[in-house]
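Below you'll find the structure, written out as structure tokens, and then a few comments.
Residue numbers (my numbering): 7 to 160.
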């Protein structure tokens, strides 16, 4: 038995179906109507786009730190390219205020100092974890001794 396609509801026959001319003609009309709708939509889009003019005179791109202005888009992009080209990729040329007394004079030294402090904290954390494990083991042993002496209160 024929089923219908999802999009425009055409008959989808299986091998044992008897194809009726009326169904076949109905499918052709459905296809024709779908094309008509698509062509109408395309014509509407074409009409909306025709006569549109893309002009790049007096462009202004604004961001939080800077303003790039020019007579054409190319001038704005050249200005932006110049600014991007001057960006330092190393930390040595950047300013840094040592508010945490790391003894650093630039950003890279501050990062190195922080990395050293983090490593020291990791080591201290591991030591504390080992001490805590030892204390838990010791308390467990005391608990076992108490249960042996006075019995399990449960």
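A virtual CB, placed ideally from N, CA and C, is assigned to each residue, including glycine.
In this text, all values refer to a predicted model and were calculated from it rather than measured experimentally.
Distance between residue j and residue i (C-alpha atoms, nearest Å)
| i | j | result |
| --- | --- | --- |
| residue 137 | residue 146 | 14 Å |
| residue 111 | residue 117 | 11 Å |
| residue 22 | residue 8 | 9 Å |
| residue 10 | residue 56 | 38 Å |
| residue 80 | residue 86 | 10 Å |
| residue 31 | residue 45 | 21 Å |
| residue 141 | residue 123 | 27 Å |
| residue 41 | residue 24 | 27 Å |
| residue 29 | residue 47 | 27 Å |
| residue 27 | residue 36 | 14 Å |
| residue 157 | residue 130 | 39 Å |
| residue 88 | residue 113 | 24 Å |
Whole-angstrom C-beta distance between residue j and residue i, which should lie under 8 Å
| i | j | result |
| --- | --- | --- |
| residue 119 | residue 109 | 6 Å |
| residue 33 | residue 54 | That belief does not hold up - the Cβ atoms of residue 33 and residue 54 are roughly 32 Å apart, past 8 Å. |
Endpoints, the alpha helix (DSSP H) within which residue i is located
| i | result |
| --- | --- |
| residue 40 | 27-55 |
| residue 140 | 113-156 |
| residue 78 | Neither: residue 78 is in no alpha helix (DSSP H) and is coded neither H nor E. |
Assigned secondary structure, residue i (DSSP; H/G/I helix, E/B strand, else coil)
| i | result |
| --- | --- |
| residue 10 | strand |
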